[in-house]
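Below you'll find the structure, written out as structure tokens, and then a few comments.
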Amino acid sequence: AQSVTQPDARVTVSEGASLQLRCKYSYFGTPYLFWYVQYPRQGLQLLLKYYPGDPVVQGVNGFEAEFSKSNSSFHLRKASVHWSDWAVYFCAVSMNTGGLSGKLTFGEGTQVTVIS
Amino acid sequence: EAAVTQSPRSKVAVTGGKVTLSCHQTNNHDYMYWYRQDTGHGLRLIHYSYVADSTEKGDIPDGYKASRPSQENFSLILELASLSQTAVYFCASSAAGTGEGNQAPLFGEGTRLSVL
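In order, the protein sequences belong to chains A and B. Count the first sequence with this note's numbering and you get residues 478 to 593, in order. Count the second sequence with this note's numbering and you get residues 1031 to 1146, in order.
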């Protein structure tokens, strides 16, 4: 069965510093991968998505992620963090069989705290 | 604008009572999903649907029923609510098809359910 691991439950970063959030997946085959962000008491918003192709994908608000098949990873990066990036970030994987891209397996999430 | 709307946004229910959570999408998506989020954890799939009048079990279907009376509407039903079903519930929808042209699932704002 597919699974997603986000090894860092909490990350604290200074405003203006760079950010990397780790995501490891377990899946037999070619995965479809997503990063979502959840602001307090809100739903999930898509940051970026990976479908088989270029391993580096660009997302919204300056986020990017890099897919590595050899490392089974899909790490999220941002060069310069803003206070508005304070949120919970979820990595998710989909088999996308039969077009079911919404049938996702989520990681536990990483809480990002931004300090000045 | 594409949207997934959930109602109610929050609800307090009594143990043993019946609860119905509703979801409406204006995205013309074929697929709809119900996820559950427990505090400090990722989302888990409860039920999903390919088409109106048909539902499928997800990863944690016990204690829940689903109903898809039309393409736009998808309900989650707790016939006998229990304390362990206190959580935030998210509805999502996605387009059919695979590959780059397929959109990532869109999520609603969530319904916060407390069972007392």
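Each residue gets a CB set at the ideal place from its N, CA and C atoms; glycine is no exception.
Item	Value
Straight-line Cα distance separating B/W1064 from A/L553	26 Å
Cα-Cα separation, B/N1057 to B/A1033	6 Å
Selection of the region 1058-1078 of chain B by Cβ proximity to chain A, strictly under 9 Å	H1059, D1060, Y1061, M1062, Y1063, Y1065, Q1067, G1070, H1071, G1072, L1073, R1074, L1075, Y1078
Where the beta strand (DSSP E) through B/C1121 begins and ends	1117-1124
N-terminal and C-terminal residue of the beta strand (DSSP E) that B/H1021 is part of	No answer is possible for residue 1021 of chain B: the residues shown for chain B start at 1031 and end at 1146.
Neighbourhood of A/V514 by C-beta distance below 6 Å, restricted to the same chain and skipping five residues each side	Q522, L524, A564, Y566
Run of the beta strand (DSSP E) containing A/E543, from where it starts to where it stops	540-545
Presumed contact (8 Å Cβ cut-off) between B/F1104 and B/A1096, rounded CB distance	7 Å
First through last residue of the beta strand (DSSP E) which encompasses A/S503	501-503
Given 8 Å, three or more beta-carbon pairs between the region 488-499 of chain A and the region 535-553 of chain A	yes
B/R1074 vs B/D1092 beta-carbon contact at 8 Å	no
Residues that B/E1139 contacts on chain A, provided the C-beta gap is smaller than 7 Å	Q519, G520
Cut-off 6 Å between Cβ atoms - residues of its own chain near B/R1066, not counting five sequence neighbours on either side	R1074, I1076, A1117, Y1119
Interface positions of the region 522-548 of chain A facing chain B (Cβ-Cβ less than 8 Å), listed along the chain	Q522, L523, K526, Y528, G530
A/E543: CB within 7 Å of a non-hydrogen atom of the ligand SAM	Absence of the ligand SAM from the depicted structure is noted, as is the absence of any ligand whatsoever, leaving it without description.
Between the CA atoms of A/K546 and B/D1068 - distance to the nearest angstrom	30 Å
Helix, strand or coil at A/L524 according to DSSP, with G and I counted as helix	strand
Selected residue, minimal CA-CA separation from A/V589, among A/D485, A/Q479, A/P532, A/S480	A/D485
Euclidean distance between Cα positions of A/D562 and B/T1045	38 Å
Whole-angstrom C-beta distance between B/S1037 and A/L579, which should lie under 8 Å	A small correction: the amino acid at residue 579 of chain A is Gly; Leu does not occupy that position in the sequence shown. No, A/G579 and B/S1037 are not in contact; Cβ-Cβ is about 20 Å, not under 8 Å.
Expected contact under 8 Å - CB spacing of B/A1043 and B/L1106 to nearest Å	About 13 Å separates the two Cβ atoms, so there is no contact after all.
Residues bridged to B/H1054 (per DSSP)	B/T1035, B/N1103
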